[in-house]
Every structure is written in structure tokens, then in C-alpha cells.
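Quick mapping for you: the protein sequence lines, in order, are chains A and B. So the number in my numbering is just where the residue sits in the first sequence, counting from 1, plus 14. So the number in my numbering is just where the residue sits in the second sequence, counting from 1, plus 158.
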Amino acid sequence: MYFRVNATRGYLGLDVGSVSTNVVVIAEDGTPLTTVYLRTRGEPIRAVQEGLRRARQDLPEGFTVLGVGATGSARQLGGVIVGADVVKNEITAHAVAASELVPGVQTVLEIGGQDSKIIIIRDGVIADFAMNTVCAAGTGSFLDQQAGRLGIPIEELGEIALKSKTPVRIAGRCTVFAESDMVHKQQLGYRQEDIVYGLCQALVRNYLNNVGRGKPINPIVVFQGGVAANAGIRRAFEEALGTEVIVPRYFDCMGALGSAMLAREEMERRRRQGQDTTTAFRGFSGSELDYKASSFECHHCPNRCEIIEISCDGEVLARWGGRCPRWDAVSKDQKSLTLAVK
Amino acid sequence: MAKITFPPMGHYSPAFATLLRELGHEVILPNPPTKETLSLGTLYGPEFACLPLKICLGSYVESLERGAEVIVTSGGVGPCRAGLYGTVQREILKSLGYRFEMIVLEPPRRHPLELLKALHRLDAFRRAPWQLVNTAFKTWEMIKALDRLERELHRIRPREAEKGSAEAVYKRGCRAIGAQDTVAGIRKAAEEALADMRRVPLDPSCDPIKIGIVGEIYVLLEPAANLKIEKTLGELGAEVDRSIFLTGWTRENVVREGDNQTAREAAYPYLCEMIGGHGQDTVGHTVMYARQGYDGVIQLAPFTCIPEIVAKGVLPSVSRDLDIPIISFFLDEQTGEAGFRTRLEAFVDLLVRRREQRRLAG
């Protein structure tokens, strides 16, 4: 997506998640200039490079990137490839984006591909949060799998759910139970839309019971993450909470948007404190370089750590995965990277 | 005289080893638990048993392979399952074909006689209990010294100018304390190590937030069980206070003057029953941390631990009443540290921003 032409400088945010990789570029005043949504498909390096390439196409020639932020479960990897100035966890990034887009937000419901979280915000600052721990039953992968089983494209699931008048109760605690419940109800002859909406309700029930347990869910409530595209889930949330649930315009790239905002904040801080504000950004041409990720097992102790090594044109950029610092240091640059990751 | 081993538990190995050596045994020191240890534990342990059982079981297998003939472990008074773990582990190891003796030490307050009997059995010279006073005193002194040094490490680590320098001093100090065999020697080594620790160069601009850690004793004390949470938090710029040290030294020091309250009393308005394990202490310590102005509290518990599950259910009301953020982690055999780190980072972020806001508000 491409929104505006007249900005020539701005900040880039990157969110490398298990399911999707997003790139967002914002202008200095925070307006999104372009958003890119890609499937990671298990290849985060390729996804990041493709994301950069597409973002560049949307931006005017000679666009200057003033700062870069990275987030998501592969934030460390993404940060190295792109050259990030600030590497932050996705909880902080999501909260920052939600507060910016929806002033006065108190509750953020976020459901992504593999994880789901709830963030409680008071006066623009995170007051509390929770994330799913042992089980991914209440997440996008669960919906994806069930939609596949019903033979419905995931994009249409929400519309179908909205047609339901008498939803069927589906067990949502575990994908295995949900699946057998759905098979059973189908065989009894329940209508498809009622089963689909029942599934949405099951997911919401699971989410509120697990992730949302004990948290004060006050309005304004924002619902974001890939699953927020599903209107059925949104309606199920509204019914369960008895309040309006807002899905922001950039619901599927809030992490990247938040990390771009964090990059802006970081650069402003450096400017205020008289520090160097040169970005670590490796440039859009980084999308053409040949990055390689390799791994090896360290045999120095029985922990047998799997060390990941990221290199570019034969030069080792970073290593991680060890429980001790044996492999951490690669060069002086590496030291600054470790600090940034912190 | 027997080759003897015991469960790995944080930095206490030198102290337990001193005790057993004084009782006339050759000590097989448990290796610090690794992934390999945990793999052995999950292979032979019941699936739904908690992490402490699995780590200890794996460690026993390793020590038995290295020639241990006797295992000494702790008992318990229930309702927590850990009180039975000695017996369960003994039977599992026997069925694997190992030949050894298991000696279970019961807690002194509830079972003083059983404890004395077990100690008497452990003493290779069959001395009378009062002849062991000096040995017990020496062990206690060593545990106290190790705990003091670790508390100092927790205070210095977030403030150190160069990452890892405090930890290096700490490790050296533990070795020096562990090598002593007189009370005077232990005290001297401890003073020297503490002095070294205070000489670690600090970053003057550092202003760490304070986090209290509560929860089940084993996952609190054994870094292999908690993915080295104290180190991670220290490096993220948080000063950590752990609610449980073996000395119980904490309790006297955590309590401020004129506030002679124990964790159990502090927990009373929220959880008035002794529910086993450390459930009540978890709630009580959280209340105490909140009153002392800590920025946040982290609960650590083994996955499937009932006392901690109950405590977790109570904590949201403590959080609400006393206005302190709390996050809970249930630990199992996860070796992927990324998710754990993400949550810790976000929690530290939350606390830092919250403090800034409060300071602005005055």
C-alpha cells in the first residue's frame, strides 16, 4: 500500500514474525507512507529483503531513512540484516502503535499467527500485559487449520460467521477437542455459518480465559493482529465484552508501525542528549546482498548450544544462540549490535 | 565412608559438599545441570511431574554413572508433591538397575527426630549429635557467605560499567569460599569477595528499577531451571531481590524496622491457608515487595505446580490493591529462550516507563 508522495524523509519499522513479515515507513510526523505485508514462510531473511524491495518501490526516489526499528520474534535477525537503531520486543511496539492510532485506548487485544497477547494501557503507558504460554489454541494458526478443514478460504471465514443467527457451541480449549466437536456438529446437520461463528466464539472464550484472565478489560478496546481481519471474531469479542471493539486501519502491521515510531523516539532522544543520530540502516540496497544464516553445534560443554551465524559476503555479522558469551563477539560492530538488542 | 551425591541447587554445592566431607564421605559433586541432564530427566521421569523432579533425576543418573553410591536429598511436609520425590526417584532409579542408597532429610521444624536420625546414619564415624554441632555451624556459615555474596551480585550487576565483571568476581568468590574448611577462613574469604565486588567499576548514570522474584524454591534457586532469569534481568538494567535464599536471611533483612511481619502474615488477607509448597510465601512476599516500593514482581513456578497455580489466581487482587505489576512464568522443559526474553524485556520496559511517568507526576 502506498499513501503519500510528498515526504522525502522518514523512519522504517520492521516486524519479523513467525507467520508474517511487515515493513512500514512513516513520515517524520508519524503518517504511514507505505505498508508491506508478506508471509514469512519460514524464511525470515528472504522475507525481510523482499519487504525492503517492495517498500522502496513505493517511496520516492532519494528517500532518506532517518532511523530503523525492528521487532517480532526474529527481531534480532531482522535488525542485523536491515541495520536497526532500536530493537524492541513486540509487546512494547504493539502498545506504542495502538496508543498513537487510537488515543485513549485502555485495552489492546492482539491475536497473531502463533501468539496472542493482551496489553492493558493506562495514560498511554503499558500497565500490564499477558501472552499465551503453553498452547497456541487461541491463535490464527488454529483458525487457519479449521478453515482449511471446512474448505473455506480464511479470508471469507469472517463474512460467513456474520450470517449466523444461532451459533453452535464448539469446545475451544484445545484444537483436538474443537476439531472433533466440529465434525460431530456437522454430522448432526448444523448450518455451516453457525458452526463457523461457534468457532469464533470458542476462540474468543479461550482467549479471554487464558490470556485475558484476571485483567481489567476497559474501553476503549482495540483489536489488532492478523486475526483482526476476521469480522466474526470481532463480533464475538463485542458480544463477550459488551463493548465496542475498534479494529484500527493498519491492524495487520501494528508491530512494524510501532517499531518505526520507536525508532523516531530513539532518534529524538539521541538528538536531545547530543548523541550521534546517524542511522545504522544498511540502505535499501541491502535487499540485494547475499545474507546467509548457518548454524553449528558447540561442543565445549554438554549444553550443546546451537549457534546461529549470520554472514554477508563471507563476513560474519553476528552470532547468537549460545548460553555463554563464547561465540558472541565477532568484531567491534558486534558489540554495538549487542547493545542495541538490549 | 561412601561415595555420596546430592541434588544440584544453585550455588550451594560447595556448602553441601563440605557437610558431607566432614561426615566422612567422598563427595561426587553434581555437575551444573545442562540440556543433557534435562533430557535424561524427561526420559525417565513421569511426564506430568514438575521440572525440579526431572532436573534432579537427570542429575542423579549423571552422578550415579560417575560412581555415586549414596544420594542425599530433602523431604517435605506436603501438600506439595516434592515431599515424595525422593521416594519416586529412588524407585525409578532402582528400576533402571542402579544400586545405591537414598537418604531423605526431612525439614527440621516438623520432623526433628527423623532429621537427627538421618544425620546420624549419614555420619561415617557415628558420633553423637552434639559432636556434629561444629560441622553444622561451618556448613551454615558457608551457606550464609554464599548468599551474602549473591545478594551483592544482584545489587551490583545492573550497575556495572562493563558487562560481566560482577559475575566474574562472584564466581571467583564462590570458589574461594568453597575451598575453606574453617569458620574463620569462610568469613575471611567472604569479606574479601564482598570487598572485591564493591570495587567493581560502576556506571554512575545507571538508575536500575527494582524487581522482586517470588515463587517455588527450586526454580528460584537453580539457574538451570529458570533460564538464568537474574542474570537476564540484571543485564536489562533491573536490580533483583529474590524472596528465597536458603538462609532465610532474607526474611530478617527484608522486613523493615517496626514491621515484624512474616510472609505468611502478609499473605493472610489474600490467602489464609497453608496450601503447600511456597504458595502462601509467594503471595506474602509479593505483598511485602509492594509495600517496600519495588517497581514490580515476577512469579516463577514449575509447570503443573498446584500451590503456585493457586497463588497465581490470588495475585491479580494483590496487584490491584497495592498497585504493583506482576508477571508469572510457568517453567517447563523449554530451551527456547526467545519467548521468555521477550516477556522479560517487555516487563522491564513497562516498569521503566511507569516509573518515569510517576516521577513526572511527582
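Ideal placement from N, C-alpha and C gives every residue a C-beta, glycine not left out.
Shortest Cα-Cα distance from residue 372 (chain B) to any of B:329, B:465, B:444 and B:405 involves B:444.
Within the region 317-328 of chain A, those residues whose Cβ lies closer than 9 Å to any Cβ of chain B are, in chain order, 317, 318 and 319. Nearest in C-alpha terms to residue 35 (chain A), of all of A:21, A:57, A:20 and A:42, is A:57. Cα atoms of residue 298 (chain A) and residue 309 (chain A): separation of roughly 26 Å, rounded to the nearest angstrom. Look at the region 177-200 of chain B: the residues with a C-beta under 7 Å from a C-beta of chain A are 192, 193 and 194. Scanning the region 149-202 of chain A for uninterrupted alpha helix (DSSP H) segments of 4 residues or longer gives 154-164, 171-176 and 189-202, listed from N- to C-terminal end. Any Cβ of chain B closer than 8 Å to the Cβ of residue 154 (chain A) would place that residue at the interface, and such an atom is absent. A contact is defined here as three or more CB-CB pairs under 8 Å, and the region 286-299 of chain B fails this definition with respect to the region 198-209 of chain B. Only those residues of the region 494-505 of chain B whose C-beta falls short of 9 Å from the nearest C-beta of chain A are listed: 495, 496, 497, 499, 500, 501, 502, 503, 504 and 505. Setting aside the 5 residues that flank it on each side, residue 257 (chain A) is surrounded in the same chain by 233 and 235, each with a C-beta closer than 7 Å to its C-beta; the list follows chain order. Beta-bridge pairing by DSSP links residue 280 (chain A) to no other residue.
Its chain contains 167 and 168 as the residues whose beta carbon lies nearer than 6 Å to that of residue 380 (chain B), once the 5 sequence neighbours on both sides are disregarded; these appear in chain order. Neighbours of residue 105 (chain A) in chain B, taken as residues whose beta carbon is under 9 Å from its own, are 500, 501, 503, 504, 505, 507 and 508 in chain order. Within the model, the alpha-carbon separation for residue 320 (chain B) versus residue 393 (chain B) is close to 10 Å. Judged by DSSP in its simplified three-state form, residue 218 (chain B) adopts helix. Take the alpha-carbon of residue 513 (chain B) and the one of residue 199 (chain A): they are about 52 Å apart. Put simply, of B:278, B:446 and B:311 the residue whose alpha carbon is nearest the alpha carbon of residue 330 (chain B) is B:311. If you look at residue 298 (chain B), you'll find it in the alpha helix (DSSP H) that goes 291-314. Taking the beta carbon of residue 145 (chain A) as reference, the chain B residues within 7 Å of it are 501, listed in sequence order. Note that the region 234-252 of chain A does not touch the region 270-288 of chain A; fewer than 3 beta-carbon pairs, one per stretch, sit closer than 8 Å.
Sequence-ordered contacts of the region 432-464 of chain B with chain A read 461 [C-beta pairs closer than 8 Å]. Think of a sphere of 8 Å around the beta carbon of residue 142 (chain A): the chain B residues whose beta carbon falls inside it are 477, 483 and 508, in chain order.
Residue 33 (chain A) and residue 479 (chain B) have their C-alpha atoms roughly 39 Å apart. Taking one beta carbon from each stretch, the region 163-181 of chain A and the region 240-252 of chain A have 3 or more pairs nearer than 8 Å; the two touch. Judged by DSSP in its simplified three-state form, residue 287 (chain A) adopts coil rather than helix or strand.
From the beta-carbon of residue 511 (chain B), the residues of chain A found nearer than 8 Å are 139 and 140. The alpha-carbon separation between residue 313 (chain B) and residue 400 (chain B) amounts to approximately 11 Å.
Here the alpha carbons of residue 177 (chain B) and residue 336 (chain B) stand approximately 11 Å from one another. Residue contact check for residue 515 (chain B) against chain A: a CB pair falls below 8 Å.
Counted as a single uninterrupted DSSP element, the beta strand (DSSP E) harbouring residue 399 (chain B) occupies residues 396-400. Residue-level contact check: residue 474 (chain B) touches chain A, since one or more beta carbons of chain A fall below 8 Å from its beta carbon. Bounds of the beta strand (DSSP E) holding residue 53 (chain A) are 46-53. Counted as a single uninterrupted DSSP element, the stretch harbouring residue 492 (chain B) is not any alpha helix (DSSP H), since DSSP gives it neither H nor E. For the region 108-136 of chain A, no residue has a beta-carbon sitting nearer than 7 Å to a beta-carbon of chain B.
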